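Protein sequence lines, in the order shown, are assigned to chains A, B, C and D.
When we follow full-length UniProt numbering, the leftmost residue of the first sequence carries the number 1, and every step to the right adds one.
When we follow full-length UniProt numbering, the leftmost residue of the second sequence carries the number 1, and every step to the right adds one.
When we follow full-length UniProt numbering, the leftmost residue of the third sequence carries the number 1, and every step to the right adds one.
When we follow full-length UniProt numbering, the leftmost residue of the fourth sequence carries the number 1, and every step to the right adds one.
Below is one structure, written out as structure tokens, with a few remarks after it.
There are 4 protein chains.
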Amino acid sequence: MTETTDTVPGWFSREELDAVRDRLPILYVNAVPVRIDDSGAVTSVGLLLRVAPNGEISRALVSGRVLYHERIRDALLRHLEKDLGPVALPRIPVSPQPFTIAEYFPTPGVTPFHDPRQHAVSLAYVVPVAGDCQPRQDALDLVWLTPQEAAGADVQQEMSGGQGVLLRQGLAHAGCLP
Amino acid sequence: MTETTDTVPGWFSREELDAVRDRLPILYVNAVPVRIDDSGAVTSVGLLLRVAPNGEISRALVSGRVLYHERIRDALLRHLEKDLGPVALPRIPVSPQPFTIAEYFPTPGVTPFHDPRQHAVSLAYVVPVAGDCQPRQDALDLVWLTPQEAAGADVQQEMSGGQGVLLRQGLAHAGCLP
Amino acid sequence: MTETTDTVPGWFSREELDAVRDRLPILYVNAVPVRIDDSGAVTSVGLLLRVAPNGEISRALVSGRVLYHERIRDALLRHLEKDLGPVALPRIPVSPQPFTIAEYFPTPGVTPFHDPRQHAVSLAYVVPVAGDCQPRQDALDLVWLTPQEAAGADVQQEMSGGQGVLLRQGLAHAGCLP
Amino acid sequence: MTETTDTVPGWFSREELDAVRDRLPILYVNAVPVRIDDSGAVTSVGLLLRVAPNGEISRALVSGRVLYHERIRDALLRHLEKDLGPVALPRIPVSPQPFTIAEYFPTPGVTPFHDPRQHAVSLAYVVPVAGDCQPRQDALDLVWLTPQEAAGADVQQEMSGGQGVLLRQGLAHAGCLP
Chain A
1 MTETTDTVPG WFSREELDAV RDRLPILYVN AVPVRIDDSG AVTSVGLLLR
51 VAPNGEISRA LVSGRVLYHE RIRDALLRHL EKDLGPVALP RIPVSPQPFT
101 IAEYFPTPGV TPFHDPRQHA VSLAYVVPVA GDCQPRQDAL DLVWLTPQEA
151 AGADVQQEMS GGQGVLLRQG LAHAGCLP
Chain B
1 MTETTDTVPG WFSREELDAV RDRLPILYVN AVPVRIDDSG AVTSVGLLLR
51 VAPNGEISRA LVSGRVLYHE RIRDALLRHL EKDLGPVALP RIPVSPQPFT
101 IAEYFPTPGV TPFHDPRQHA VSLAYVVPVA GDCQPRQDAL DLVWLTPQEA
151 AGADVQQEMS GGQGVLLRQG LAHAGCLP
Chain C
1 MTETTDTVPG WFSREELDAV RDRLPILYVN AVPVRIDDSG AVTSVGLLLR
51 VAPNGEISRA LVSGRVLYHE RIRDALLRHL EKDLGPVALP RIPVSPQPFT
101 IAEYFPTPGV TPFHDPRQHA VSLAYVVPVA GDCQPRQDAL DLVWLTPQEA
151 AGADVQQEMS GGQGVLLRQG LAHAGCLP
Chain D
1 MTETTDTVPG WFSREELDAV RDRLPILYVN AVPVRIDDSG AVTSVGLLLR
51 VAPNGEISRA LVSGRVLYHE RIRDALLRHL EKDLGPVALP RIPVSPQPFT
101 IAEYFPTPGV TPFHDPRQHA VSLAYVVPVA GDCQPRQDAL DLVWLTPQEA
151 AGADVQQEMS GGQGVLLRQG LAHAGCLP
């Protein structure tokens, strides 16, 4: 999963968290940001453009850690605002039921999802955004693609850690997997 | 299920539809209208007040038939606007996955749901509404209740055909069943 | 959707049903039959081989109509036994919540699903089968494929009416979309 | 959530885990064990009988922690076998999609769920069991109740930490909330 620094002061120091990451699954949320029409149908999908420390550019979903004493809803809202800006107006789902659970293992191949740093278990949601989106923090840019483009081979290759699979699972759930 | 006349001209005459109703399951949608806060949590639940031909007053969910060549999304939108008015601004769910399927049988007791007129199979959704709601058509009024009130024994008794069960299933799905 | 004759005596004559099909959405179920291991993970996916009247061979999911006064669970069981034989031992899901609703329109392009004969609305489920499967009725054969094979371009091309999309939606829901 | 000792050797010492529990949400699974008929409909619900250190008796769902590098499926299987015995033959769901996420907060009232020891986030599943169940470990007994009994006021009062709510959410999802 793409590295993201939590904007809220951590309950752990970076060193402490690293120690825990070797021994406990860490809880995450993933969001597939979408634009929808009046009937709720997806018209486009938002993907973040990130630069890795080694200069590699990749596309990514919104993702981040759930903090101690933070509700899933609030973690979703916080990470969407962190990645898409303060006026993105995300419509957090009414139900806590995620469309899937993405299990990122430090060992590749256990599941379709991989995170070399940790065992992260992520609750995944499709989230419509109604406002203006301006990528913040470590994201270079945000691009809006049609579901067809998002599921295409080119985009899939530019996503890492299995997020291309997760994106297509989200499109399938939204009824717009091409 | 509460009787509702379709506002769009029927593809069947009333007599023809009655004949079909004896021999085919009829496809419906049900919506539980809710108000939500910024984090997507339900703050209140909307229930329609209806008067039956015999003068009995009951509370009901939004419901109605899916027409020939009509998408589920469009049927949901149409019935929400029919029951809550043109500026209710319902947020139709992104995913076609309903929270449950309510099977209304003409014979009581087969399922929790009962409709003496027909075998209706209803796709059920929780739908946030963001605008002003003004009940139209055959609804007397619309009341907004807390999830606690909506699940209470008093309200449950005023709902018929098993809609009290369906309402609680919707609250359970939304994480606010008291 | 592939034509299937209901094994239970119809409530409608073929002519009557054809007349209704022009004016009402018809309720269907679709099942993606799968083999699973002890942890519930999908190991293979079953696809039927059918011959169309014009001699064309296609692969298909289990599908069929819901009859008047028939529960969804019973329709699923009936069609699975019809297509996979009496000792397939299907494990009908506990929850009536389908993984998606496939809306087959007579007009191509409204949704990913198309059925020239009718407007069919299908509740779709992934169903593990534990017993011996022997295709019956109009199915030539049943093949078991890995999820990778099932989602591959070759198989997808041999499925019609959008069932290739529905199959991949089922794989996505089961967490095994490659 | 009821205290359960993990049967697999811990990756953390008890003291270390206690320290982490004050600062990180801990990932759990919850299972509602059910008996089903051939059509998948729930016939009865299994509840564990536990004795708290203070002698109080309570009824509980199957629950336990997800370990480092353990899949959700394997955690579910492990805890079901731990609580129901080695020949319970649980049918782990095909889909990783839980019916809800139960967020147990150390502070009462944030959600319906409460755990004084920790912030636990639990993925909840309804799991049919086909074999013989014999409660093990710290469970005194296992009782099988009808859905009506399980949702009744008496049983609800004997469940703690909000598990009565979670049980009813599971019944709602399975279509058997009375």
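C-beta: ideal position from N, C-alpha, C; glycine also.
Quick caveat: nothing in here was measured; it's all calculated off a predicted structure.
Quiz item: Given PRO108 (chain C), which residues of its chain have a CB within under 8 Å of its CB, disregarding the five upstream and five downstream residues?
Solution: Taken in chain order, the residues that qualify are HIS114.
Quiz item: When the Cα atoms are used, what is the spatial distance from PRO135 (chain C) to ARG91 (chain C)?
Solution: Rounded to the nearest angstrom, the two C-alpha atoms are 17 Å apart.
Practice problem: Count the other CB atoms, across all protein chains shown, that sit within 10 Å of the CB of ASP154 (chain D); report buried if there are 16 or more and exposed otherwise. | Solution: That one is exposed.
Quiz item: At a Cβ threshold of 7 Å, is ASP74 (chain A) touching chain B?
Solution: By this cut-off, ASP74 (chain A) is an interface position.
Quiz item: Residues in its own chain within less than 6 Å of ILE26 (chain A) by CB, not counting five upstream and five downstream?
Solution: For ILE26 (chain A), where only same-chain residues beyond five positions count, the Cβ hits under 6 Å are GLN118, ALA120.
Quiz item: Of all the CB atoms in chain A, is at least one closer than 7 Å to the CB of ALA174 (chain B)?
Solution: Closer than 7 Å to some Cβ of chain A, the Cβ of ALA174 (chain B) qualifies, so yes.
Practice problem: Can you say whether THR43 (chain D) is buried or exposed, counting buried as having 16 or more other CB atoms within 10 angstroms of its CB? | Solution: In this structure THR43 (chain D) is exposed. Its beta-carbon is surrounded by fewer than 16 other beta-carbon atoms within 10 angstroms.
Quiz item: Which ranges does the beta strand (DSSP E) cover as unbroken runs of at least 3 residues, wholly within the segment 93-150 of chain D, from first to last along the chain?
Solution: If only complete runs of 3 or more residues are kept, the segment 93-150 of chain D shows the beta strand (DSSP E) at 100-105, 120-128, 139-145, in order along the chain.
Quiz item: So GLY64 (chain C) is in the beta strand (DSSP E); what residue range does that whole segment cover?
Solution: In this chain, the beta strand (DSSP E) harbouring GLY64 (chain C) covers 62-65.
Exercise. Just tell me which of D:LEU61, D:ARG73, D:ARG168, D:LEU67 has its CA closest to the CA of THR111 (chain A).
Key: Answer by Cα proximity: D:ARG73.
Quiz item: Comparing the C-beta of GLN156 (chain D) with each C-beta of chain F, is any distance below 7 Å?
Solution: In the structure shown, chain F cannot be found, because the protein chains are A, B, C and D.
Quiz item: Any beta-carbon of chain D closer than 7 Å to the one on GLY40 (chain C)?
Solution: Interface residue, yes.
Quiz item: How big is the Cα-Cα spacing for VAL8 (chain D) and VAL29 (chain D)?
Solution: Because VAL8 (chain D) sits at a pLDDT of 42, beneath the cut-off of 50, its placement in the model cannot be relied upon, and the following sentence gives the value as read from the coordinates. Each residue's Cα considered, the two are about 15 Å apart.
Quiz item: To the nearest angstrom, how far is it from the Cα of HIS173 (chain C) to the Cα of ALA172 (chain A)?
Solution: Each residue's alpha carbon lies about 8 Å from the other.
Quiz prompt | Beta-carbon proximity list for LEU17 (chain C), same chain, < 6 Å, skipping 5 on both sides | solution = No residues qualify anywhere along the chain.
Practice problem: Please list the partners that ILE36 (chain C) has in chain D, where partner means a Cβ-to-Cβ separation under 7 Å. | Solution: Near ILE36 (chain C) (Cβ distances below 7 Å), the residues of chain D are VAL94.
Quiz item: How about SER58 (chain A) and SER160 (chain A): are their beta carbons less than 7 Å apart?
Solution: With respect to the 7 Å criterion, SER58 (chain A) and SER160 (chain A) are classified as neighbours on the basis of their beta carbons.
Quiz prompt | Near-chain C residues of the segment 54-86 of chain B - C-beta to any C-beta below 7 Å | solution = Taken in chain order, the members of the segment 54-86 of chain B whose beta-carbon sits within less than 7 Å of a beta-carbon on chain C are VAL66, TYR68, HIS69, ARG71, ILE72.
Quiz item: What is the DSSP secondary structure of LEU24 (chain A), counted as helix, strand or coil?
Solution: Coil at LEU24 (chain A), not helix or strand.
Quiz item: Would a check of beta-carbon distances place VAL126 (chain A) closer than 7 Å to chain D?
Solution: So, not an interface residue.
Quiz item: Quick one, which of A:LEU47, A:GLU81, A:ARG21, A:ARG14 has its alpha-carbon nearest GLY170 (chain A)'s?
Solution: Nearest of A:LEU47, A:GLU81, A:ARG21, A:ARG14 to GLY170 (chain A), Cα basis: A:LEU47.
Quiz item: If you draw a straight line from the C-alpha of ARG14 (chain C) to the C-alpha of VAL32 (chain B), how long is it?
Solution: Cα to Cα, ARG14 (chain C) sits roughly 37 Å from VAL32 (chain B).
Quiz item: What are the residues of the segment 94-110 of chain C that lie near chain D, defined by any Cβ-Cβ distance shorter than 9 Å?
Solution: Against chain D - using a Cβ distance shorter than 9 Å - the residues of the segment 94-110 of chain C are VAL94, SER95, PRO96, GLN97, PHE99.
Quiz item: Under 7 Å between C-beta atoms, does residue 237 (chain B) make it to chain C?
Solution: No statement about residue 237 (chain B) is possible, as the shown extent of chain B runs from 1 to 178 and does not include it.
Self-check item: Local conformation of ARG73 (chain D) per DSSP, three classes
Solution: Three-state DSSP puts ARG73 (chain D) in a helix.
Practice problem: Apply the 10 Å Cβ neighbour rule to THR4 (chain A) and answer buried if 16 or more other Cβ atoms are within range, or exposed otherwise. | Solution: Since pLDDT at THR4 (chain A) reaches only 45, below the 50 mark, its modelled position is unreliable, and no value is offered.
Quiz item: Anyone know if the C-beta pair for LEU140 (chain B) and VAL62 (chain B) falls short of 7 Å?
Solution: Going by C-beta atoms, LEU140 (chain B) is not nearer than 7 Å to VAL62 (chain B).
Quiz item: Could you give the residue range of the alpha helix (DSSP H) that holds LEU168 (chain C)?
Solution: Looking at the sequence itself, residue 168 (chain C) is Arg, so the reference to Leu does not match. Segment 163-173, the alpha helix (DSSP H) holding ARG168 (chain C).
Quiz item: With 7 Å set as the bound, which would you pick, yes or no: does the beta-carbon of PHE113 (chain C) sit closer than that to a beta-carbon of chain B?
Solution: The beta carbon of PHE113 (chain C) does not come within 7 Å of any beta carbon belonging to chain B, so the residue lies off that interface.
Quiz item: In or out: GLY152 (chain B) buried (at least 16 other Cβ within 10 Å) or exposed?
Solution: Answer is exposed; the Cβ neighbour count stays below 16.
Quiz item: Are CYS133 (chain B) and LEU142 (chain B) closer than 7 Å when you measure CB to CB?
Solution: For the 7 Å CB-CB criterion, CYS133 (chain B) and LEU142 (chain B) form a contact.
Quiz item: Are any of the Cβ atoms in chain D nearer than 7 Å to that of PRO178 (chain A)?
Solution: It does not: the Cβ of PRO178 (chain A) has no partner Cβ on chain D nearer than 7 Å.
Quiz item: So, is the C-beta of GLN118 (chain C) closer than 7 Å to a C-beta in chain A?
Solution: At a cut-off of 7 Å between C-beta atoms, GLN118 (chain C) does not count as an interface residue with respect to chain A.
Self-check item: Residue span of the alpha helix (DSSP H) that contains VAL155 (chain D), given as start and end
Solution: For VAL155 (chain D), the enclosing alpha helix (DSSP H) starts and ends at 153-157.
Practice problem: List the DSSP bridge partners of ALA51 (chain D). | Solution: The amino acid occupying residue 51 (chain D) in the given sequence is Val; Ala does not appear at that position. In the DSSP output, where bridge partners are listed per residue, VAL51 (chain D) has D:ILE57.
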